[in-house]
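Note that the sequence shown covers residues 9 to 655 in the numbering used here. Ideal Cβ placement from N, Cα and C applies to all residues, glycine included.
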Amino acid sequence: MKLASFDIFDTTLVRKCGSPDNIFYLLSKRIYPQNQSLQNSFFQWRKEAEQKAMIRLKDNYLKLEDIYTEFDSVSFPKWNVEQLIAMETQLELTELVAVSEIKQLIAQKRNEGYTICFISDMYLPEHVLKSKLLEEGCADIDDKVFVSCEYQATKSEGTLYEIVRKDFNSITLWEHYGDNLYSDYKKAVKRGIKATLVHSDYTPIEQFILSSSTFFPFYSDLSVLIGLQRATRLSLQKKSDNIDNATDFIASLYYPYVDFLFRNAKDLGITKLHFLSRDGYILYKIAEVVQMGYPEIKLNYLFVSRYSLFLPSIYSLSREEIYENKGITSFYHYKVKVKDILDGLHVTLEELGDAFTNRITFKQILTPEQEDLFFEVLQSTEIKKMILKKAQQERKILIDYFTQEGLFDLEKQALVDIGWVGTSRLMINRMLTNEGGQLVEGFYLGCAPESLAPRYGIFHSFYGSNLYKSDIVTLLEQYYSASLYASTKGYYYEEGGIKPKFKDLKYTQSQEIVEDNISTLQQFAQLIRAYDYIDFSQAMSVWGSLYLRAFSEMPCKIKFSTFDKLGIYEDGSNYYRVLTKINVWQFLSYIYKGKIRRVYFPRQSIYYTYGIKIFKPEYCWRERRRSFMKKYMLPLKLKMYYYLRKK
9 MKLASFDIFD
19 TTLVRKCGSP
29 DNIFYLLSKR
39 IYPQNQSLQN
49 SFFQWRKEAE
59 QKAMIRLKDN
69 YLKLEDIYTE
79 FDSVSFPKWN
89 VEQLIAMETQ
99 LELTELVAVS
109 EIKQLIAQKR
119 NEGYTICFIS
129 DMYLPEHVLK
139 SKLLEEGCAD
149 IDDKVFVSCE
159 YQATKSEGTL
169 YEIVRKDFNS
179 ITLWEHYGDN
189 LYSDYKKAVK
199 RGIKATLVHS
209 DYTPIEQFIL
219 SSSTFFPFYS
229 DLSVLIGLQR
239 ATRLSLQKKS
249 DNIDNATDFI
259 ASLYYPYVDF
269 LFRNAKDLGI
279 TKLHFLSRDG
289 YILYKIAEVV
299 QMGYPEIKLN
309 YLFVSRYSLF
319 LPSIYSLSRE
329 EIYENKGITS
339 FYHYKVKVKD
349 ILDGLHVTLE
359 ELGDAFTNRI
369 TFKQILTPEQ
379 EDLFFEVLQS
389 TEIKKMILKK
399 AQQERKILID
409 YFTQEGLFDL
419 EKQALVDIGW
429 VGTSRLMINR
439 MLTNEGGQLV
449 EGFYLGCAPE
459 SLAPRYGIFH
469 SFYGSNLYKS
479 DIVTLLEQYY
489 SASLYASTKG
499 YYYEEGGIKP
509 KFKDLKYTQS
519 QEIVEDNIST
529 LQQFAQLIRA
539 YDYIDFSQAM
549 SVWGSLYLRA
559 FSEMPCKIKF
569 STFDKLGIYE
579 DGSNYYRVLT
589 KINVWQFLSY
599 IYKGKIRRVY
609 FPRQSIYYTY
619 GIKIFKPEYC
629 WRERRRSFMK
639 KYMLPLKLKM
649 YYYLRKK
């Protein structure tokens, strides 16, 4: 007979909440939902109860009843032992989820003719564990389960293996799979068993976040959330670096934001959320799961872009309108290209003709005088008439699209986006209010310091402006919000409704990354739904930023391959890698220039290639030379100049 035995906890099944102590934390939340002091007291009592029982009974074969023998009924008079044992047992069962890889291995071994059994050092009885193994599809009804508390023997001592061997007295080949180096591997090998160590650990970055968050007052909440990240990875059928990274980075930032917008939408009486393409796509896919808990709130994916909104939202072609649409207060200050403005107005130099090109001979607006001249020419009678006619034509189909999507309905609605300035909110609301609709509110993950005022529509920002840093914004837009959709450039009528037209994609993101992101985030959202009795808001307010900080400061390795496949597209033409393996010449280039051509995060790329934490760009050789010249040589030159002048 061939036997394949499997450890249960952290091998075949994994606790969604992570650490075993978190079971006691969740139990305390359930039995005292409104009393923080009793929650804390029960949590501490239950953590210590097992150790005290082991000392008292002088063995490792405890049952749950043994642990609760000295229950402090005076401190917790609301509950009796039988109730608590039943609740803890039920909580353990609901917290367990199958590890997909091991579930597939069990099925494989069964097909190869192996007899399957399960072995565990645990205080829960065999029938409880077997019921969960059956429910998760890991065990068949005839499979045996050996539990230390019922056989008075443990794997850690090796005695439980001997009991299994006697039960199956004709074993010719025995394979054992487990996650514990000592009890599942060393002790098994010592007894002639072919043992395989199973790795179900936290990722290095999860371990770092856990260890560095120990002194947070909401550490237990963070521990549960990070346990959910691990359970998400292990419960998915597919295994990849993309899934590991999506679970760690994207889930920690985007799930809290989606949770925030649903909670606030419910409080504000908002009954419809419009997720703006393209950055809102992954948020929309998360929201499809979260919305199950908010059936009164409808979801819609709205195909818009700054390009598709810019011209239709122009009513007068005034300087103020164009400033507002661009989210700036002057053109010359930002050295805006003439072509960029004309592209926004959907006109070409050929259409404008000599009346424009004879006077506007510059390509960039660099002075106030050039800006005044530009607007003077733009608002000349013929040019203004042509542009406003185009705006009216494009506005008609866009308003019809808004009507189709329900933006003119009387219910209270809101837009959902990543951020930052709010020009899309402004342009949409300008059209809605001018065409007989009402202002809609906005939700942002983060906003820019110069974000547009609430008079263009009230907005609610999860992070405020502290996320608005160029590298973070780029990372969020190009990785966290990766989508296969191209930017919307317009709309067309088709039988059955109005459809969006898309720009040509010069570069496309990895379809594999986008699909892995979606499956991961939706699985995470499914797992966390069971925790509706816990308010994670404090922990979730910092959770995502801890991972962003870890990415930036490089305290440990991350799964590199996802970011090596990921591109950043500047102005739709220049292509950059987020991270990539660095060769020696690129390394030397960084030392000299403080940057590497077409690599957006050079320091991180060097670290993940060579394991070296190198200085920041401002300390490269070229910048130090400039600093030295400015600080010492320039004053010396001035002194010599004045000295020679006096002579």
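Residues of its chain near residue 527, where Cβ-Cβ distance is below 8 Å and the 5 sequence neighbours each way are ignored: 244, 246, 251
Member of 456, 445, 307 whose CA lies at the smallest distance from the CA of residue 430: 456
Where the alpha helix (DSSP H) containing residue 481 begins and where it ends: 478-483
Nearest neighbour of residue 608, chosen from 478, 461, 337 [CA to CA]: 478
Span separating the alpha-carbon of residue 620 from that of residue 356: 50 Å
Under the three-state DSSP convention, the category residue 333 falls into: helix
Straight-line gap, residue 464 to residue 332 (C-alpha atoms, nearest Å): 10 Å
Cβ-Cβ separation, residue 180 to residue 9 (assumed contact under 8 Å), whole Å: 6 Å
Distance between beta carbons of residue 432 and residue 284, contact taken as under 8 Å: 6 Å
Collapsed DSSP secondary structure at residue 125 in the structure displayed: strand
Cβ-based neighbour list, residue 579, same chain, cut-off 7 Å, excluding 5 preceding and 5 following: In this prediction, residue 579 scores a pLDDT of 48, lower than 50, which makes its location untrustworthy; no coordinate-derived value is stated.
Inter-residue Cα distance where the pair is residue 638 and residue 601: 17 Å
Stretch pair the stretch 213-233 + the stretch 84-94: three plus CB contacts closer than 8 Å: no
6 Å Cβ shell around residue 184 - same chain, five flanking residues per side excluded: 13, 196, 201, 203
For residue 469: DSSP bridge partner residues: 452
For residue 110, the three-state DSSP class (helix, strand or coil): helix
Pair within 7 Å by beta-carbon distance, residue 584 and residue 590: no
Strand pairing of residue 206, partner residues [DSSP]: The partner list for residue 206 (beta bridge, DSSP) is empty, contrary to what the question assumes.
Proximal residues to residue 287 (C-beta, below 7 Å), its chain only, five neighbours per side dropped: 425, 426, 485, 489
Alpha helix (DSSP H) segment containing residue 61, residue limits: 44-65
Alpha-carbon to alpha-carbon, residue 226 and residue 168: 39 Å
Contacting residues, own chain, Cβ-Cβ under 8 Å from residue 327 (five flanking each side not counted): 383
Sequence-distant residues of its chain with Cβ nearer than 6 Å to residue 347 (five each side left out): none
Residue from 224, 58, 542, 106 whose Cα sits closest to the Cα of residue 550: 224
Continuous alpha helix (DSSP H) assignments of at least 4 residues falling wholly in the stretch 340-406: 346-352, 357-360, 362-365, 376-386
Distance between residue 393 and residue 362 (C-alpha atoms, nearest Å): 16 Å
Beta bridge counterpart(s) of residue 13 as assigned by DSSP: 125, 184
Cβ pair residue 552, residue 260 closer than 7 Å: yes
Presumed contact (8 Å Cβ cut-off) between residue 187 and residue 208, rounded CB distance: 5 Å
Touch test, the stretch 148-162 against the stretch 45-52, Cβ-Cβ under 8 Å, three pairs minimum: no
Length of the line joining the Cα atoms of residue 97 and residue 538: 16 Å
Beta-bridge pairing of residue 500 - partner residues as DSSP gives them: 507
Buried or exposed by the 16-neighbour rule on C-beta atoms within 10 Å, applied to residue 397: exposed
Buried/exposed call for residue 235, threshold 16 Cβ in 10 Å: buried
Where residue 23 sits in the DSSP three-state scheme: strand
Residue 613 and residue 587 closer than 7 Å at C-beta: yes
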